[in-house]
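**Student:** Below is a structure I'd like to ask you about.
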Amino acid sequence: MNLDTGIRLAYLIAAVCFILALKALSGPKTARAGNLIGAAGMALAIGMTFATPSLSRFGLMVGAMAIGVVIGLPAARLVKMTAMPQMVAAFNGVGGGAAALIALAEFVKATPGSLAVYQVVEVLFGIVVGSVSFAGSAVAFAKLQELMTGRPITYPGQQVLNGVVATGILGLAIAACLSPHNWLIAVIGILGLLFGIAFVLPIGGADVPVLISLLNSFTGLAVAASGFVLHSVVLVVAGTLVGASGTLLTRMMSAAMGRSLPNILFSAFGSVITATAGADGTSGDRGVRSATAEDVAVLLAYSQKVIIVPGYGLAVAQAQHSARELADLLQARGVEVFYAIHPVAGRMPGHMNVLLAEANVPYDELKEMDEANPEFQSADVALVVGANDVVNPAAKNSPGSPIYGMPILAVDEARNIVFLKRSMRPGFAGIDNELLFDPKTTLLFGDAKDSLTKLVAAIKAL
Amino acid sequence: MNGGDILTLVTVFVLAAFVGFEVISKVPSILHTPLMSGTNAVHGVVLVGAMVVLGQAQGTVEIVLGFIAVVLATLNVVGGFVVTDRMLEMFKGRQPKAGRRPGAAVGSGGTGGADGSLSTPAGGAAPVTSPVAEGSGS
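Chains A and B, in that order, are what the protein sequence lines are.
Numbering follows the working numbering, in which position 218 of the first sequence is assigned residue number 218; successive positions increment by one, without gaps.
Numbering follows the working numbering, in which position 25 of the second sequence is assigned residue number 25; successive positions increment by one, without gaps.
Below you can see the structure in the form of structure tokens.
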């Protein structure tokens, strides 16, 4: 086996590592190992590249890599956990930039007129998508880092202008295919940067993470394009993998927010929020976030403290036994679990205590409202099972509300809120619950007993 | 490069696209952000391409472009994997609750760092803000 075959085989192993890494990153138990598998594949690919006989300037290469490590390692290690999303944006953007530069350098190197049309297309694709990803990620970073306003920036004719820039890129690209000049390529690259900025400006607030995921898949495609330019199979495989799985992930993320991707990209989220914020109690078409039982199971299983808030829905579904089974499972995993009982939970005072006692829930796990309320702010999850009015913040905040003044459980102070609900129908008092639209709220629709049974099964499967 | 080679690459591209769609399925939303970060690290493989460009460059312009590309791609690789690993640290085995006092974590600065770790300041992408408080009170 000669060296070249060895290097190609090493790249194949690296590509397999990347596939396994993505697979493992999709599950909570294997995720960390998955990341390490990916890193191992990467180390192998980079190491073998050093052995490539046709390459020179290894000193310069190591110097450039040293600069990257000296900047990147402390940035990644020291950044606060809360600042992680913008770091992902930054590291994604530089990847896109690198892909664009590779395509550009290969174009510069080629003898003028020697490139076939498909080769020019490869170069252009790498430059455009790479520079859109670079500039877009830079703006996303600035938004999240609060170097600029995080809110959507809109101006009249914005969509039209973006359309004009995109059309301009396309037109010039066709011209460049017919007669590739350096200056044409440069103008296209600059337009790509402009488009990246213009495309991201109107996207703000909670939508930025979805945007970063989209830009991440863009970078993947740009890397695949640079793989085409360089005839490198490992770049094509890894770039395409990221492009495809990143697109899927982007759709999952927008679905988890209850919104469609075009809605996120073109509707300027923040302005919608400000428009509805004043109109109290209108559910309208505001998005709620629903999740699957598996999602909620992972959230519960990896929490430290879960407070179950049972309500009438639990009583009618006769779900108290399933609730207890869930609590037992979580406690076996070391999660602190107790029940917060509102005085009017169920249909009469004390109803809930009786039901839960019947399911053999130990008495000391049942906490009355006054005892439970201070606990919510340290709770990872408040699991609201079939209750609504007794957790509605309108009782505290909206003097006009029919339930204003009723003491409620302070569920809104928990870090995450999960509602098990049959539907979006309001509770007994017939008023909407603002909490359902809170960004930290997740809904699991279905009959309380069914949902709890599914949660139990999902946690057992973890 | 002849027509056969480009077809080979197109074949690889199409197959890899299918693998990319199939390999992730039913990702719990708690893992959305780490998975995004992990795929971000994987496209850091562009470093291999940057090294090839720098190593085969013929003129000054190409050397400069290649050098910058290697710096940027190295940032992508190093940052990508390290950030992902830090996010996933949150998932390591938990301590039993022995010794924990109820409410020990109230207002504790220790949990602050973990707050929103898997999510965003706006709480957008991952619905889960802080499923696992890092080490606090355990």
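The beta carbon of each residue, even a glycine, is placed where N, CA and C say it ideally should be.
The structure presented is a predicted model; accordingly, all values stated were derived computationally and were not measured.
To which residues of the same chain is VAL335(A) closer than 8 Å at the C-beta, ignoring the five residues directly before and after it?
**Tutor:** For VAL335(A), where only same-chain residues beyond five positions count, the Cβ hits under 8 Å are LEU300, ALA301, SER303, GLN304, LYS305 and VAL306.
**Student:** Is the segment 443-452 of chain A touching the segment 3-12 of chain B, taking contact as three or more C-beta pairs under 8 Å?
**Tutor:** Result no; under three Cβ-Cβ pairs closer than 8 Å.
**Student:** Can we say the segment 61-68 of chain B touches the segment 237-245 of chain A, given the rule of at least three CB pairs closer than 8 Å?
**Tutor:** In short, these stretches do not touch, since the Cβ pair count stays below three.
**Student:** Compare the C-beta of LEU7(B) with all C-beta atoms of chain A and state if any pair is closer than 8 Å.
**Tutor:** Not one chain A Cβ lies under 8 Å of LEU7(B).
**Student:** Shortest alpha-carbon distance to LYS23(A) belongs to which of LEU15(B), VAL14(B) and THR39(B)?
**Tutor:** Among LEU15(B), VAL14(B) and THR39(B), the Cα nearest to that of LYS23(A) belongs to THR39(B).
**Student:** So ALA99(A) is in the beta strand (DSSP E); what residue range does that whole segment cover?
**Tutor:** Element bounds for ALA99(A): not the beta strand (DSSP E) but the alpha helix (DSSP H), 84-109.
**Student:** With a threshold of 6 Å on Cβ separation, who are the neighbours of GLN119(A) within its own chain once the five nearest residues in sequence on each side are excluded?
**Tutor:** No residues qualify anywhere along the chain.
**Student:** Looking at GLY80(B): is its Cβ nearer than 8 Å to the Cβ of PHE218(A)?
**Tutor:** Contact: no.
**Student:** Can you give me the Cβ contacts of GLY246(A) inside the same chain, cut-off strictly under 7 Å, excluding the 5 residues immediately before and after it?
**Tutor:** Only SER213, ASN216, SER217 and GLY220 meet the Cβ criterion.
**Student:** Please classify THR84(B) as buried or exposed, where buried requires at least 16 other C-beta atoms within 10 Å of its C-beta.
**Tutor:** It counts as buried.
**Student:** Pull out every residue of the segment 21-51 of chain A whose Cβ sits closer than 7 Å to any Cβ of chain B, in chain order.
**Tutor:** For the segment 21-51 of chain A, which is checked against every Cβ of chain B, the residues closer than 7 Å are ALA21, LEU22, LYS23, LEU25, SER26, PRO28, ALA31, ARG32, GLY34, ASN35, GLY38, ALA39, MET42, ALA45, ILE46 and THR49.
**Student:** Which residues bound the alpha helix (DSSP H) around PRO34(B)?
**Tutor:** Its alpha helix (DSSP H) spans residues 32-42.
**Student:** Three-state secondary structure (DSSP) at VAL210(A)?
**Tutor:** In this structure, VAL210(A) counts as helix in the three-state DSSP scheme.
**Student:** Counting only the same chain and skipping the five closest in sequence on each side, list residues whose C-beta sits under 8 Å from that of LEU47(B).
**Tutor:** Correct list, in chain order: VAL70, ALA73, THR74, ASN76 and VAL77.
**Student:** Rank ASP450(A), PRO374(A) and PHE376(A) by C-alpha distance to the C-alpha of GLY386(A) and give the top, closest one.
**Tutor:** The option with the nearest alpha carbon to GLY386(A) is ASP450(A).
**Student:** Is the segment 405-422 of chain A close to the segment 372-392 of chain A, with three or more CB pairs under 8 Å?
**Tutor:** Yes, the segment 405-422 of chain A is in contact with the segment 372-392 of chain A.
**Student:** In chain order, what residues of the same chain lie with their CB nearer than 8 Å to the CB of GLN159(A), ignoring the 5 residues before and after it?
**Tutor:** So the list reads PHE266, once near-sequence residues are dropped.
**Student:** Are there 16 or more other CB atoms within 10 angstroms of the CB of HIS342(A), so buried, or fewer, so exposed?
**Tutor:** Classification for HIS342(A): buried.
**Student:** Given that a residue counts as buried once 16 or more other Cβ atoms are within 10 Å of its Cβ, and exposed if not, what is GLY189(A)?
**Tutor:** It counts as buried.
**Student:** Hey, does ASP85(B) have any beta-carbon neighbour from chain A nearer than 8 Å?
**Tutor:** Answer yes: the Cβ-Cβ gap between ASP85(B) and chain A drops below 8 Å somewhere.
**Student:** When you compare each of ARG86(B), GLY59(B) and GLY55(B) to LEU60(A) by their alpha carbons, which one comes out closest?
**Tutor:** The residue with the shortest Cα to Cα distance from LEU60(A) is GLY55(B).
**Student:** Whole angstroms is fine: what's the gap from ILE67(A)'s alpha carbon to MET36(B)'s?
**Tutor:** So the alpha carbons of these two residues sit roughly 25 Å apart.
**Student:** Measuring only the C-alpha atoms, how far is ALA116(A) from GLY204(A)?
**Tutor:** If I take the Cα positions, the gap works out to 41 Å.
**Student:** Are any of the Cβ atoms in chain A nearer than 8 Å to that of THR39(B)?
**Tutor:** It does: the Cβ of THR39(B) has a partner Cβ on chain A nearer than 8 Å.
**Student:** Excluding the 5 residues flanking ALA198(A) on each side, which residues of the same chain have their C-beta closer than 8 Å to its C-beta?
**Tutor:** GLN158, LEU161, ASN162 and VAL165, listed in sequence order.
**Student:** Buried or exposed: HIS181(A), going by 16 or more other Cβ atoms within 10 Å of its Cβ?
**Tutor:** With fewer than 16 Cβ atoms within 10 Å of its Cβ, HIS181(A) is classed as exposed.
**Student:** Note down the Cα distance separating VAL88(A) from VAL456(A), rounded to an integer number of angstroms.
**Tutor:** Roughly 34 Å separates the two Cα atoms.
**Student:** Would you kindly report the start and end of the unbroken alpha helix (DSSP H) that includes GLU368(A)?
**Tutor:** Here GLU368(A) belongs to no alpha helix (DSSP H); instead the beta strand (DSSP E) covers 366-368.
**Student:** By Cβ distance, which residues of its chain are closer than 7 Å to LEU390(A), with the 5 residues on each side in sequence left out?
**Tutor:** Here the sequence assigns Val to residue 390(A), which means Leu is not the residue at that position. The answer, listed in chain order, is GLY311, HIS342, VAL344, ALA345, ILE408 and LEU409.
**Student:** Can ILE130(A) and GLY171(A) be called in contact, C-beta distance under 8 Å?
**Tutor:** What sits at residue 130(A) in the sequence shown is Gly, not Ile. Cβ atoms of GLY130(A) and GLY171(A): not closer than 8 Å.
**Student:** Shorter than 8 Å from the beta carbon of THR33(B) to some beta carbon of chain A?
**Tutor:** Yes, THR33(B) lies at the interface with chain A (some Cβ there is under 8 Å from its Cβ).
**Student:** Should MET424(A) go down as buried or exposed, given a rule of 16 or more other Cβ atoms within 10 Å for buried?
**Tutor:** Exposed.
**Student:** So, is the C-beta of THR60(B) closer than 8 Å to a C-beta in chain A?
**Tutor:** No - not a single Cβ of chain A is within 8 Å of the one on THR60(B).
**Student:** When the Cα of PRO439(A) is compared with those of GLN86(A), SER179(A) and GLU413(A), which residue comes out closest?
**Tutor:** Per the Cα distances, GLU413(A).
**Student:** Taking its Cβ as the centre, do 16 or more other Cβ atoms sit within 10 Å of THR167(A), making it buried, or is it exposed?
**Tutor:** That one is exposed.
**Student:** Beta-carbon within less than 6 Å of GLU122(A)'s beta-carbon, same chain only, minus the 5 sequence neighbours each way: which residues are those?
**Tutor:** Cβ neighbours of GLU122(A) beyond the five flanking positions: ALA225, PHE228 and VAL229.
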